[in-house]
Amino acid sequence: MAVGDKAAAAGLTTYTSTQDRRLGYENDNRNADYIAEDRARLTTLEGVSIGVPKFSVARSSAGQTVQSDNPTFFTSAAWGSPELNKGGWGWSGGVLTVPKTGVYMVVATMKLAPTDYYRQYVGVTRNVSDPGNLTAGAFIARGVVFPGDRASNQSNSVGPSVTASRLLVKLNQGDQLRTVGFQSNYGQNTVGVDEGATSLTFEVILQDLA
Numbered sequence: 009m010a011v012g013d014k015a016a017a018a019g020l021t022t023y024t025s026t027q028d029r030r031l032g033y034e035n036d037n038r039n040a041d042y043i044a045e046d047r048a049r050l051t052t053l054e055g056v057s058i059g060v061p062k063f064s065v066a067r068s069s070a071g072q073t074v075q076s077d078n079p080t081f082f083t084s085a086a087w088g089s090p091e092l093n094k095g096g097w098g099w100s101g102g103v104l105t106v107p108k109t110g111v112y113m114v115v116a117t118m119k120l121a122p123t124d125y126y127r128q129y130v131g132v133t134r135n136v137s138d139p140g141n142l143t144a145g146a147f148i149a150r151g152v153v154f155p156g157d158r159a160s161n162q163s164n165s166v167g168p169s170v171t172a173s174r175l176l177v178k179l180n181q182g183d184q185l186r187t188v189g190f191q192s193n194y195g196q197n198t199v200g201v202d203e204g205a206t207s208l209t210f211e212v213i214l215q216d217l218a
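Just add 8 to wherever you are in the sequence shown, counting from 1, and you've got the working numbering.
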């Protein structure tokens, strides 16, 4: 393959040996433009492949309680130190601040101590800080379970694990994410998060730039 054939095959400009030498500066500038275009593409690719924003946190040793029929934000006491915090996330008081606009995967799990549950959910909200505003539209991810009505559920040993997941959701830089737990049980008992780190988790990772 002759010199310049690869460049020509890639659609780049090539030059002949008979070209006026006074145009050399123009050739150099054109090649510099090609390099600048490639660098711009590399910057975009590096943004979703190197140092990708990712965050993971799990239950603290203390955990947190959830009253029956009372949606509850999991605050700082519920969480241990983040197992992974890369890419500039803000994390304070159970509130996660998004570092970069993009498309993210969001996952939260919750397993409460057993009792005679009627309904449970775990979810992740965006820019909602008042439990009174926790309508269905407030969630970017939510998982709901109904262990059973009273006729079929007489046991106080019901303890399902609930997962809220969203594979692709667009988030903006500065969005604030919170994890919410809810439970309704027939005895109206206040219950705590079950033992073990996997009983409460919250994880977010960038998938693509918006």
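Don't be surprised by glycine CBs; every beta carbon is placed ideally from N, CA and C. It should be emphasised that the depicted structure is a prediction, and the values quoted were computed from it without experimental measurement.
Around the Cβ of I148, a 10 Å sphere holds 16 or more other Cβ atoms; the residue is buried. A distance below 8 Å between beta-carbons, with the five flanking residues on each side excluded, links N193 to the following residues of its chain, in chain order: S76, T123, D124, Y125, Y126, V199. Measuring C-alpha to C-alpha distances from V130 to each of V170, D216, K62 identifies V170 as the nearest. Judged by DSSP in its simplified three-state form, G140 adopts helix. Under the three-state reduction of DSSP output, E203 falls in the coil class, being neither helix nor strand. Using a C-beta cut-off of 8 Å, the stretch 56 to 69 makes contact with the stretch 91 to 111, since at least three inter-stretch Cβ pairs fall below that distance. Closest in C-alpha terms to T187, from the list P155, E45, V65, comes V65.
In the DSSP assignment, F147 is bridged to T133.
By the Cβ rule, the stretch 100 to 117 counts as touching the stretch 206 to 214, because three or more pairs are nearer than 8 Å.
For L176, the number of other beta carbons within 10 angstroms of its own is below 16, and it is reported as exposed.
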